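Peer 1:
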Amino acid sequence: MSQTSVHKENIKHTHNQEFVLLDFADVPHLQGFLFGLFLLIYITILMGNGIIFLITKLDPGLQTPMYFFLGNFSLLEICYVSVTLPRMLTSLWTQRRTISLVACATQMCFILTLGATECFLLAVMAYDCYAAICSPLHYPLVMSYKVCMQLVAGSWISGIPIQIGQTCQIFSLPFCGSNLINHFFCDIPPILKLACGDTFLNEMLVFTVAALFVLVPFLLILVSYGKIISTILKLPSATSRGKAFSTCSSHLMVVALFFGSAIVTYLRPKTQGSAGTDKVLSLFYTIVTPVFNPMIYSLRNKDVVMALRQWPCKYLSSLKK
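Okay, here's the thing in structure tokens:
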């Protein structure tokens, strides 16, 4: 058979193939417990981030750039987790783990696009902190409503074309071996392990895109916080320094959780780590960060806490009217 015929056969096999997401099949005795745990986590994420999103849109005291970005970030977390958790819950409940190639590619595309949005949005939030602390007099001009809208729109849409291209490039590979994905969603590393032939160029492309969408925003955040810390240390009173640090500490905690796990997952050498390690790291940037986001911002932010306390009263009084 000619090389062309073999390539056509591989392509045909790829397009007819279904994958099997193993998720947590290696612990069959824990399926019921895991279903209950992840269902509780999903409900917590939807409620927590949903409340943060609503109060930042409806409360008059939270109509500032910082809370505008926080509202978008909470909406993003809801979208991000909804790409993975519902399917995982279905698999745990029904024990049916097959996923078509098209569904797998669609899931990967959404995860990569929303992940890129999260990286950019966290960088934008760092820039907002920088502008508020380092240039307070120019802050209203620097972070005008128009600028905020442009930054948020850019964060949401800038990664779409590249991530669609990367997804198409990965799923154009022939998959002629095992169809078992040792993961709980269609992520790049476990998919590339199933591809036939040399995937070195594909891995280099993944590394390049990850560096662009993960490392560059992370470095911008580090530069912003370097200048923020330098400015804070020059403040005359300990009270002023404490207040400035508390403004940014919540954002720093989310950055550490998300970027720490994402950088290790996508930028470490392929030879290091295992499927189990990848699963644990993926849980951090797909589930743990969305769970802790509302708690981090609500417990450490007096404005959000106050709005949460007053919101039920305002809502009930509006119903009476």
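As numbered in the numbering used here, residues 518 to 838 make up the sequence shown, in order.
Backbone N, C-alpha and C define an ideal beta-carbon position, used for all residues, glycine too.
Since the structure is predicted, the reported quantities are computational estimates derived from the model, not experimental observations.
Going straight from the alpha carbon of M812 to that of G553, what length do you get?
Peer 2: For the purposes of this step, residue 812 is taken as residue 295 along the sequence shown, with counting starting at 1. For the purposes of this step, residue 553 is taken as residue 36 along the sequence shown, with counting starting at 1. Whole-angstrom Cα-Cα distance: 21 angstroms.
Peer 1: Please report whether the beta-carbon of A712 lies at a distance below 8 angstroms from any beta-carbon of chain B.
Peer 2: Here chain B cannot be found, since the structure has a single protein chain.
Peer 1: Quick one, which of Y742, L618 and F585 has its alpha-carbon nearest Q667's?
Peer 2: On the sequence shown, residue 667 is found 150 positions in, with the first residue counted as 1. Of the listed residues, the one whose Cα sits closest to Q667 is F585.
Peer 1: Would you report the Cα separation of L750 and T756, rounded to the nearest angstrom?
Peer 2: As a position in the sequence shown, residue 750 is number 233, starting the count at 1. As a position in the sequence shown, residue 756 is number 239, starting the count at 1. The alpha-carbon atoms of L750 and T756 are separated by roughly 12 angstroms.
Peer 1: Should V598 go down as buried or exposed, given a rule of 16 or more other Cβ atoms within 10 Å for buried?
Peer 2: In the sequence shown, the residue the question calls residue 598 occupies position 81. By the 10 Å Cβ count, V598 comes out buried.
Peer 1: Grab me the residues of S522's own chain with a C-beta within less than 8 angstroms of its C-beta, minus the 5 sequence neighbours each way, in chain order.
Peer 2: Reading the sequence shown from its first residue, position 5 is the one you call residue 522. Its pLDDT being 40, under 50, S522 is placed unreliably in this model, and the coordinates cannot settle the point.
Peer 1: So for V544, helix, strand or coil by DSSP?
Peer 2: The residue you call residue 544 lines up with position 27 of the sequence shown. In the structure shown, V544 sits in coil (DSSP, three-state: anything other than H, G, I, E or B).
Peer 1: Measure the CB-CB distance between L618 and Q686 and report whether it falls below 8 angstroms.
Peer 2: Position 101 of the sequence shown, counted from the start, is the residue given in the question as residue 618. Position 169 of the sequence shown, counted from the start, is the residue given in the question as residue 686. No, these two residues do not count as a Cβ contact at 8 angstroms.
Peer 1: Between H655, I681 and L575, which has its C-alpha nearest M490's C-alpha?
Peer 2: Past the boundaries of the shown model lies residue 490; the chain is included only from 518 to 838, so the question cannot be answered.
Peer 1: Is F536 helix, strand or coil when you go by DSSP?
Peer 2: Position 19 of the sequence shown, counted from the start, is the residue given in the question as residue 536. Residue state, collapsed to three classes: strand.
Peer 1: Pull up the distance between the alpha-carbon of Y814 and that of N566, whole angstroms please.
Peer 2: Here residue 814 corresponds to residue number 297 of the sequence shown, with the count starting at 1. Here residue 566 corresponds to residue number 49 of the sequence shown, with the count starting at 1. So the two alpha carbons sit approximately 10 angstroms from each other.
Peer 1: Excluding sequence positions up to five away, which residues of its chain have a Cβ less than 6 angstroms from the Cβ of P807?
Peer 2: Translated into positions along the sequence shown, residue 807 becomes position 290. Only I562, E594 and V598 meet the Cβ criterion.
Peer 1: With respect to the beta strand (DSSP E) encompassing I616, which residues constitute its N-terminal and C-terminal limits?
Peer 2: Here residue 616 refers to the residue found at position 99 of the sequence shown. Looking at the DSSP string, the run of the beta strand (DSSP E) that includes I616 is T615 to S617.
Peer 1: With DSSP run on the structure shown, which of helix, strand or coil describes L718?
Peer 2: For the purposes of this step, residue 718 is taken as residue 201 along the sequence shown, with counting starting at 1. The answer is helix: DSSP assigns L718 an H, G or I state.
Peer 1: Going by beta carbon distance, what residues of the same chain come within less than 8 angstroms of N719, once the five residues before and after it are set aside?
Peer 2: One-based indexing of the sequence shown puts residue 719 at position 202. These residues qualify, in order along the chain: Q686, I687, L690, L709 and A712.
Peer 1: Got a sec? Which residues, its chain only, sit under 8 angstroms from L722 by beta carbon, not counting five neighbours each side?
Peer 2: As a working note, residue 722 is residue 205 in the sequence shown. Q683 and Q686.
Peer 1: For L472, list the residues DSSP reports as bridge partners.
Peer 2: One cannot answer for residue 472 here, as it falls past the ends of the chain, which runs 518 to 838.
Peer 1: On the three-state DSSP scale, how would you describe G759?
Peer 2: Locating residue 759 in the sequence shown gives position 242, where the first residue counts as 1. The answer is helix: DSSP assigns G759 an H, G or I state.
Peer 1: Could you tell me which of C703, P706, P707 and G694 sits nearest to G714, measuring between CA atoms?
Peer 2: As a working mapping, residue 714 is identified with position 197 in the sequence shown. Selected option, being the one with the closest Cα: G694.
Peer 1: Taking 8 angstroms as the threshold (C-beta atoms), are T634 and G578 in contact?
Peer 2: As a working note, residue 578 is residue 61 in the sequence shown. As a working note, residue 634 is residue 117 in the sequence shown. No.
Peer 1: Candidates P707, F541, P582 and L557: which alpha carbon is nearest L638's?
Peer 2: Residue numbering aside, residue 638 sits at position 121 when the sequence shown is read from its first letter. Ranking P707, F541, P582 and L557 by Cα distance to L638 puts P582 first.
Peer 1: Let me make sure I understand the geometry here. Which of F692, C765 and L732 has the alpha-carbon closest to that of T716?
Peer 2: Numbered from its first residue, the sequence shown carries residue 716 at position 199. Cα-wise, what sits closest to T716 is F692.
Peer 1: Under 8 angstroms by Cβ, that's how I've got I679 and V733 pegged, so tell me the actual separation to the nearest angstrom.
Peer 2: Here residue 679 corresponds to residue number 162 of the sequence shown, with the count starting at 1. Here residue 733 corresponds to residue number 216 of the sequence shown, with the count starting at 1. Actually they are not in contact, since the Cβ atoms of I679 and V733 sit about 13 angstroms apart, beyond 8 angstroms.
Peer 1: Could you have a look at M625 and say whether DSSP puts it in helix, strand or coil?
Peer 2: Taking the first residue of the sequence shown as 1, we reach residue 625 at position 108. Residue state, collapsed to three classes: helix.
Peer 1: Can you tell me which of the three DSSP states T601 falls into?
Peer 2: Residue numbering aside, residue 601 sits at position 84 when the sequence shown is read from its first letter. The answer is coil: DSSP assigns T601 none of H, G, I, E or B.
Peer 1: Could you round the C-beta distance between Y647 and S741 to whole angstroms and report it? I think they count as a contact, below 8 angstroms.
Peer 2: Counted from its first residue, the sequence shown places residue 647 at position 130. Counted from its first residue, the sequence shown places residue 741 at position 224. 4 angstroms between Cβ atoms; contact.
Peer 1: Using the Cα positions of S519 and F702, report the straight-line distance between them to the nearest angstrom.
Peer 2: In the sequence shown, counting from the first residue as 1, residue 519 sits at position 2. In the sequence shown, counting from the first residue as 1, residue 702 sits at position 185. Caution is warranted here: a pLDDT of 39 is assigned to S519, below 50, making its placement in the model unreliable, and the coordinate value is therefore given only provisionally. Distance between the alpha carbons of S519 and F702 is about 36 angstroms.
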